[in-house]
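Undergrad: The working numbering applies: residue 295 is where the sequence shown begins, and numbers increase by one. Where a beta carbon is used, it is the ideal one built from N, C-alpha and C, also for glycine.
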Amino acid sequence: MRTERYLFDTCALIYLAEDEAIGAEAQRVMRSIEPVSDRVWVSIFSAWEIGMLVGKGRLIIRRDPKLWFEEAVARLAARLANVSSDILMKSCFLPDPIHRDPADRILIATAREHDLTIITRDRAILDYGAAGHVRTLAC
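(1) With distances taken from CA atoms, which of A320, R373, E364, H393 is nearest G345?
(2) Please confirm if the segment 397 to 413 is in contact with the segment 369 to 387, defined as three or more CB-CB distances below 8 Å between the two stretches.
(3) Under the DSSP definition of a beta bridge, which residues are partnered with Y422?
(4) For the segment 300 to 316 against the segment 369 to 378, are there 3 or more C-beta pairs whose distance is under 8 Å?
(5) Please name the residue or residues paired with W342 in a DSSP beta bridge.
(6) Decide if C433 is buried, meaning its Cβ has at least 16 other Cβ atoms within 10 Å, or exposed.
(7) Mapping DSSP to helix, strand and coil, what is S378?
(8) Taking 8 Å as the cut-off, decide whether the C-beta atoms of L307 and V336 are in contact.
(9) Fully enclosed by the segment 298 to 324, which alpha helix (DSSP H) runs are 4 residues long or longer?
(10) Check whether the segment 415 to 422 and the segment 385 to 401 are in contact - that is, three or more C-beta pairs closer than 8 Å.
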């Protein structure tokens with residue numbers, strides 16, 4: 295039996311780090327995961343997304359964005375998923391239909407590469423999962 299492993303989308307990372315409510319199934323998953331396991335992942339690309347959101351004023355945090363990201367990852371006891379040239383290339387050739395957001399494409403390619411389920415509220419990613427191209431869990 296395969297143990298499910300999860301990749302937190304940037305929005306899910308923000309919700310958890312800021313103690314915002316997440317869906318019941320995502321809460322159940324988080325309670326079931328042992329700390330310091332190989333089951334929780336965050337893309338290193340989420341650091342870029344956090345920086346962009348803070349830089350554009352779309353995310354207000356009270357400390358340095360880099361420190362915020364590092365603390366959020368540590369709080370989840372998450373493993374960082376690096377973005378390799380292979381993942382970047384695969385993000386350009388995902389099965390259709392997928393919207394054009396490059397960050398989401400990279401996240402999806404990362405999940406497919408590492409056999410991870412994406413935890414997200416992003417409707418386009420959830421729809422892509424419903425089409426059978428990647429496993430998703432709504433939060």
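TA: In short:
(1) Checking every option, the nearest Cα to that of G345 belongs to E364.
(2) yes
(3) Answer is none; Y422 lacks a bridge partner.
(4) In this structure the segment 300 to 316 lies against the segment 369 to 378, because at least three pairs of beta carbons, one per stretch, are closer than 8 Å.
(5) DSSP output for W342 lists no bridge partner at all.
(6) buried
(7) coil
(8) yes
(9) 304 to 311
(10) yes
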